[in-house]
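Taking the working numbering, I'd label the letters of the sequence shown as residues 1 to 592.
From the three backbone atoms N, C-alpha and C, an ideal C-beta is built for every residue, glycine too.
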Amino acid sequence: MGRHNTSDRHATDGPRQAPRARRRTVAIATVLVLAVAGGTAVVAQNGLLPSFGGSCDDDAVRLDVVASPDVAPALTETAEYVKDNDVTSDGRCLDIRVTDRESYKVADSLHSGKVAPDFQVWVPDSSLWTERGSGSGEQVPLTAAGNVAASPVTMGMVPKAAKSLGWPEKKYSWAELTAAATAGDKLRLGAADPARSATGLLALTKIGASAKKSGGADSDTQVAATAKQLSQRTSDSDTQALETVARDNSGTEQGNPRRNQALVVSEQAAFAHNDSAERAGSLQLFYPEDGSPQLDYPFTLVDESQLSTDESRAALRFMALLGEERGAKILRSHGFRTGTGEATGALVTSAGGSAPQPYRTAATSEPPSAKQIQETLGMWTITVQSARLAVVVDVSGSMAQIVPGHDQSRLDVTKSSLIQALSQFTPEDEIGLWEFATLLDGERDYRKLAPTQRLGDRTKDGTTHRERLTAEFGRLQPVPDGATGLYDTTLAAYKEAQSSYASGKFNAVVVLTDGANEDPGSISRITLVAELEKRVDPKRPVPLIAIAVGPDGDKQEVQEVAEVTGGSGHLVSDPAQIHQVILKAIMAAGQG
1 MGRHNTSDRH
11 ATDGPRQAPR
21 ARRRTVAIAT
31 VLVLAVAGGT
41 AVVAQNGLLP
51 SFGGSCDDDA
61 VRLDVVASPD
71 VAPALTETAE
81 YVKDNDVTSD
91 GRCLDIRVTD
101 RESYKVADSL
111 HSGKVAPDFQ
121 VWVPDSSLWT
131 ERGSGSGEQV
141 PLTAAGNVAA
151 SPVTMGMVPK
161 AAKSLGWPEK
171 KYSWAELTAA
181 ATAGDKLRLG
191 AADPARSATG
201 LLALTKIGAS
211 AKKSGGADSD
221 TQVAATAKQL
231 SQRTSDSDTQ
241 ALETVARDNS
251 GTEQGNPRRN
261 QALVVSEQAA
271 FAHNDSAERA
281 GSLQLFYPED
291 GSPQLDYPFT
301 LVDESQLSTD
311 ESRAALRFMA
321 LLGEERGAKI
331 LRSHGFRTGT
341 GEATGALVTS
351 AGGSAPQPYR
361 TAATSEPPSA
371 KQIQETLGMW
381 TITVQSARLA
391 VVVDVSGSMA
401 QIVPGHDQSR
411 LDVTKSSLIQ
421 ALSQFTPEDE
431 IGLWEFATLL
441 DGERDYRKLA
451 PTQRLGDRTK
461 DGTTHRERLT
471 AEFGRLQPVP
481 DGATGLYDTT
491 LAAYKEAQSS
501 YASGKFNAVV
511 VLTDGANEDP
521 GSISRITLVA
531 ELEKRVDPKR
541 PVPLIAIAVG
551 PDGDKQEVQE
561 VAEVTGGSGH
571 LVSDPAQIHQ
581 VILKAIMAAG
591 QG
C-alpha cells in the first residue's frame with residue numbers, strides 16, 4: 001500500500017465557533033475508553049460497535065484529528081481506508097480529517113486554555129506532551145484512551161561515522177555512546193531542541209540517567225557539557241534535524257562540514273529518512289544497551305465532556321482500527337512498531353539497524369519520571385542560554401524551626417537544596433547571593449554576601465566563584481530576633497538585577513521566604529507590585545521566581561508579586577524540594 005500525506009490542513013485552523021452540548025454522561029465515555037486495551041477494541045468484540053463495512057445511510061460523523069507530523073501520514077492513510085471501505089460506527093459513515101501539527105505547539109495551546117480546541121482527537125508523539133497540556137482550572141481536559149504506536153529513540157550515524165565507532169558489533173550505554181561520539185569533536189552530533197522535541201528531551205534525560213548510573217563523580221558536569229555541545233547543533237524540530245544529516249559517506253559533503261554525521265533520532269524517523277536518502281547519506285542506528293526511551297503516540301480525547309456520543313464512539317472506532325491488522329499494517333509500513341512494541345527484522349533493517357545491536361530489547365527501557373524530565377528541561381534551559389541569577393534567602397528567626405522528617409532546621413535543609421541546585425549550573429552561569437531579615441544591615445533588611453558573577457571565575461584566594469558560593473550557602477544562619485523583611489528586599493534585588501542586566505543570558509531573581517512580610521516600616525504589597533510593574537521592561541526581562549517555604553508560606557502572596565514580572569510563585573512544604581522547583585521555574589520562565 002502506498003504512502004499518502006493528504007492531511008486536511010484547513011480543517012483545524014480556527015477555534016470552535018461554539019461548544020458542543022453535552023449529550024451523554026462522562027461515565028459512558030469513560031467506560032468506552034477503558035474498554036480499549038492492547039491496541040484492540042474490546043468494545044468491538046463485545047458488539048458495542050458494529051462490524052466494519054456496511055452501507056452509509058446516515059450523514060457521516062465528522063472527526064477532526066490533530067497528530068504529530070511523523071504519524072499523521074499513517075493516520076491519514078488509515079482515514080482514507082475508512083472512507084474507501086465504508087467503515088461505519090453505529091451504521092454511520094466516518095469523515096475523519098487528519099492535520100499534522102507540532103506536538104509542543106498543541107500542548108502549549110491546550111495548557112493556556114485561551115482558545116477552544118477545534119479537534120476532538122490528538123495524537124502527539126509522546127505522553128510528555130499530554131502531561132504538559134493537561135492541568136486544572138482553565139486548561140483543556142485530556143483523556144488518554146491508549147497508545148497506537150511506538151518508536152524507540154536511538155542514535156543514527158552516516159556509514160563512515162558508524163564504522164569508526166565499531167557499528168554494528170560494538171555496543172554502548174547512552175553515556176558511553178555520547179562520550180565516544182563527542183570526544184575531541186570526533187563527530188558532529190545534532191539533535192532536535194529538547195524544549196520542543198520529545199525525541200531530544202527523552203534522549204537527553206536518558207543520557208543524564210546513564211551518566212549517573214555509571215557512578216562518575218562529575219556526571220552532572222558531563223551531562224551539562226553534552227547539553228552545551230548539543231545546543232550548538234540543535235534544530236527546532238525533528239524534521240529540521242533530519243535535514244542536517246550529511247548526504248555523503250564522509251560527512252563533509254564537498255566542503256560543507258556544518259552537516260551532522262550523527263543525530264539523536266527515532267527509529268521511525270530513520271526509517272523514513274533512509275527510504276528517501278541515497279545509500280551514502282543513509283543512517284545506521286546504535287541501540288544503547290541500557291535501553292531506549294520510547295515515543296508512545298497516545299490516542300487522546302480532547303475536552304471529552306463536550307463530545308457527543310457519536311463523536312466518542314467514532315473516535316474509539318478509529319482507534320480500534322489502528323489496533324487491528326489493517327491499521328497496524330499501515331503503521332508498520334510507515335516505520336512504526338505496533339502491539340507489544342517488538343520490531344520486525346524488516347523494519348529495523350530499513351531503519352538502519354543490524355544485529356548484534358540490541359534493538360529487540362529497546363522497548364524495555366523504563367520511561368523517565370516527571371522529576372527527571374523537569375530537571376532535564378531546567379538544566380537544558382540554563383545550559384543553553386546561560387543564567388544570571390540573584391538568589392535571595394530568608395534568614396529570619398523562623399528559619400530555625402525543625403523540618404518534620406529531616407531533623408534539621410528549615411534553613412539547613414534549604415541550604416542543602418540550594419547547593420544541590422548549584423551543581424546543575426555551568427561555569428558560564430552567573431549567580432550571586434543575598435540574605436535578608438529585618439534590620440540586618442543597619443536599617444536595611446538585606447545584605448549581599450556574594451556578587452553575581454561567573455561560577456568559573458577565580459577569586460583572589462584562587463578558588464572558583466562556585467566554591468565561594470557553596471561556602472556562603474553553608475554559612476547562612478537564622479537571625480534569632482529577625483523578622484521577614486520581604487518587600488523592601490524584593491524590590492531592591494529586582495532593581496539591582498535590572499541595572500546589571502546581561503544581554504544574551506537568562507536574567508532572574510530567586511527569592512526564598514518562609515513567611516509573609518513582617519516589617520511594619522516597609523512598603524506595602526500593593527506598592528511593591530506597582531513598583532515592579534512599573535519597572536518591567538520586555539526588552540530586558542527579569543522574571544522574579546518567588547518560593548514560599550514551609551507551612552507559613554503564602555503562595556497567593558508570592559504569586560501576586562512574581563507574576564507581574566513574568567515570573568512565578570511557588571509553595572514548597574519541604575525545603576528539600578527547592579532545587580527541583582527552581583529548575584522547573586527557570587525552565588518555564590526561560591521558555592516564556
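query, result
"Do three or more CB pairs link the region 521-529 to the region 566-581 at distances below 8 Å?", "no"
"I'd like the list of long-range same chain contacts for residue 287, defined as Cβ closer than 6 Å, with 5 residues on each side in sequence excluded.", "154, 357, 358, 359 and 362"
"How big is the Cα-Cα spacing for residue 311 and residue 434?", "57 Å"
"Can you grab the Cα-Cα spacing for the pair residue 585 / residue 132, in whole Å?", "14 Å"
"Can you tell me whether residue 415 is buried or exposed? The criterion is at least 16 other CB atoms within 10 Å of its CB, across all chains shown.", "buried"
"CA-CA distance, residue 295 and residue 146?", "13 Å"
"Return helix, strand or coil for residue 296, following the three-state DSSP convention.", "coil"
"Do residue 594 and residue 151 have their C-beta atoms within less than 8 Å of each other?", "There is simply no residue 594 to check, as the chain begins at 1 and stops at 592 in what is shown."
"Helix, strand or coil, according to DSSP, for residue 284 in the structure here?", "strand"
"Which ranges would you report for the alpha helix (DSSP H) in the region 401-434 if only whole runs of at least 4 residues count?", "410-422"
"Give the straight-line distance between the Cα atoms of residue 459 and residue 197, rounded to the nearest whole angstrom.", "39 Å"
"Is residue 108 helix, strand or coil by DSSP?", "helix"
"With which residues is residue 152 paired in a DSSP beta bridge?", "294"
"So the candidates are 495, 548, 514 and 156; which of them puts its Cα closest to the Cα of residue 531?", "495"
"Would DSSP call residue 334 helix, strand or coil?", "coil"
"Are at least three pairs of beta-carbons, each pair with one atom in the region 447-458 and one in the region 399-406, less than 8 Å apart?", "no"
"Give me, in chain order, the residues of the same chain whose beta-carbon lies closer than 6 Å to that of residue 448; leave out the 5 immediate sequence neighbours on both sides.", "434"
"Give, in chain order, every unbroken run of the beta strand (DSSP E) that is at least 3 residues long and sits entirely within the region 513-578.", "544-549 and 568-572"
"Compute the beta-carbon to beta-carbon distance between residue 574 and residue 514, rounded to the nearest angstrom, for a pair I have assumed lies under 8 Å.", "Incorrect: roughly 12 Å between the Cβ atoms, too far for contact."
"In the structure shown, what three-state DSSP assignment does residue 223 receive?", "helix"
"Among residues of its own chain, excluding the 5 on either side of residue 589, which ones have a beta-carbon nearer than 8 Å to its beta-carbon?", "506, 508, 543, 545, 566, 567 and 568"
"Between residue 376 and residue 291, what straight-line distance do the alpha-carbon atoms span, to the nearest angstrom?", "18 Å"
"Return the CA-CA distance between residue 572 and residue 490, expressed in angstroms with no decimal places.", "19 Å"
"Please name the residue or residues paired with residue 61 in a DSSP beta bridge.", "94"
"Taking the alpha-carbon positions, what's the residue 366 to residue 205 distance?", "12 Å"
"Just the Cα atoms here: how many angstroms apart are residue 470 and residue 453?", "14 Å"
"Counting pairs of Cβ atoms below 8 Å between the region 111-121 and the region 77-88, do you hit three or more?", "no"
"According to DSSP, is residue 453 helix, strand or coil?", "strand"
"Is the number of C-beta pairs between the region 403-417 and the region 472-492 that are closer than 8 Å three or more?", "yes"
"DSSP three-state label for residue 581, please.", "helix"
"Leaving aside the five residues before and after residue 227 along the sequence, list all residues of the same chain whose C-beta is less than 6 Å from its C-beta, in chain order.", "380 and 383"
"Roughly how far, in whole angstroms, is the beta-carbon of residue 222 from the beta-carbon of residue 209, given that I think they are within contact range, below 8 Å?", "So it is not a contact: roughly 12 Å between Cβ atoms."
"Measuring CB atoms only, is the region 311-331 touching the region 59-71, in the sense that at least three cross pairs come out at less than 8 Å?", "yes"
"In terms of alpha-carbon separation, which member of 390, 462 and 431 lies closest to residue 493?", "390"
"Determine the burial state of residue 405: buried for a count of at least 16 other Cβ atoms within 10 Å of its Cβ, exposed for fewer.", "exposed"
"Pick out whichever of 95, 128 and 126 has its Cα sitting closest to the Cα of residue 119.", "95"
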